[in-house]
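Chemist: The sequence shown begins at 1157 in my numbering and counts up by one.
Sending over a structure as structure tokens; questions will come in a sec.
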Amino acid sequence: MPLGRPIEEPPPLSAGRVELRVIRTRDAEPLRALLAENRGWLQRWEATHPAGRGVTPGTVSMRPTVRLLRRQLRVGSGLPFVVLLDGDVVGQLSVSEISGGALQSAQLGYWVSEHVAGQGVTPTAVALAIDYLFGELGLHRVEICIRPENTASLRVVEKLGLRYEGRRASYIHIDGAWRDHECYVVTREEAPGGMLSRLPG
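So this is what it looks like as structure tokens:
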């Protein structure tokens, strides 16, 4: 079940050159352009509909998607962020499946443009998000599921020291087929000093 209350929009979260900010309508066009420019970089990791429905990311306006994502705040089920580097939008980070009650958990997914890959942007963004979820929302557990072939994303969870919990077979429909995912988790008790402290200064 969701938190049971709306999630108050957090202020921008930042560390060095990297910032997380809740997605806004004005982000729709920069995101659409990034998705179009990064088709070859992102397509093999993108969720698809098993029945073949849907549109190619980057080919249509993102405004309806932004509205849907922001609705998650009102119902307490998700936190949709854009990732910025030096003030420019370079990707997205989505906190989804936020659960209250006895679970107090969330799932986290992300993508960044190829031109900023390898610059430490994604690990910093993920650390900012998890620290907010533990420190401000009071969640207990955050989970990240990654395809075994996605070595760049696997490096993110390795840098942050998330605990490997096992493989989920045929877990999500990605790039036209049901794909296995590796599951990595961290609980609040496992990160007493915060996630940002795990990254080099």
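By construction, the Cβ of each residue, glycine as well, lies at the ideal position given by its N, Cα and C atoms.
Being a predicted model, the structure only gives us computed values, none of them experimental.
Taking DSSP's pairing of strands, which residues face I1300 in a bridge?
Modeler: Bridge partners of I1300: Y1340.
Chemist: Compute the Euclidean distance between the alpha carbons of V1222 and P1167, then round it to the nearest angstrom.
Modeler: Their Cα atoms are separated by approximately 18 Å.
Chemist: Could you tell me the alpha carbon to alpha carbon distance between L1241 and L1190, rounded to whole angstroms?
Modeler: About 14 Å.
Chemist: Any idea which residues DSSP pairs S1266 with across the strands?
Modeler: Looking at the sequence shown, residue 1266 is not Ser but Tyr. In the DSSP output, where bridge partners are listed per residue, Y1266 has L1249.
Chemist: With a cut-off of 8 Å on the beta carbons, I'd call P1236 and L1225 a contact; round off their distance for me.
Modeler: Correct: roughly 4 Å between the Cβ atoms.
Chemist: Figure out for me which residue from C1301, T1204, E1193, A1171 has the closest Cα to the Cα of G1332.
Modeler: Closest option to G1332, Cα to Cα, is T1204.
Chemist: For the alpha helix (DSSP H) that contains S1309, what are its first and last residues?
Modeler: Looking at the DSSP string, the run of the alpha helix (DSSP H) that includes S1309 is 1307 to 1316.
Chemist: Can you name the start and end residues of the alpha helix (DSSP H) that V1174 belongs to?
Modeler: Note, V1174: premise wrong, no alpha helix (DSSP H); beta strand (DSSP E) at 1174 to 1178.
Chemist: Mark A1283 as exposed unless 16 or more other C-beta atoms lie within 10 angstroms of its C-beta, in which case mark it buried.
Modeler: When all chains shown are included, A1283 counts as buried.
Chemist: Whole angstroms are fine: how far does the CA of L1159 sit from the CA of L1169?
Modeler: In a straight line, the C-alpha of L1169 is about 21 Å away from that of L1159.
Chemist: Starting from the Cα of G1291, find the closest Cα among T1343, A1171, R1230, P1206 and give me that residue.
Modeler: For G1291, the nearest C-alpha among the options comes from T1343.
Chemist: Check each candidate in A1207, N1194, M1351, Q1275 and name the one with the smallest Cα separation from V1174.
Modeler: Ranking the options by Cα distance to V1174, first place goes to Q1275.
Chemist: Could you pull out every residue in the same chain whose Cβ sits closer than 8 Å to the Cβ of L1352, ignoring the five residues on either side in sequence?
Modeler: Around L1352: A1171, T1280, A1283, L1284, D1287.
Chemist: Which one or two residues does DSSP pair with G1322 in a beta bridge?
Modeler: C1339, per the DSSP bridge assignment.
Chemist: Confirm, please, whether the CB-CB distance from R1188 to S1233 is below 8 Å.
Modeler: Not in contact: S1233 and R1188 (Cβ atoms no closer than 8 Å).
Chemist: Which value, in whole angstroms, describes the spacing of the CA atoms of T1181 and L1229?
Modeler: Near 14 Å, if we compare the C-alpha coordinates of L1229 and T1181.
Chemist: Could you have a look at P1168 and say whether DSSP puts it in helix, strand or coil?
Modeler: Coil.
Chemist: Using only CA atoms, which one of S1269, I1179, Q1263 lies nearest to L1198?
Modeler: The candidate whose alpha carbon is nearest that of L1198 is S1269.
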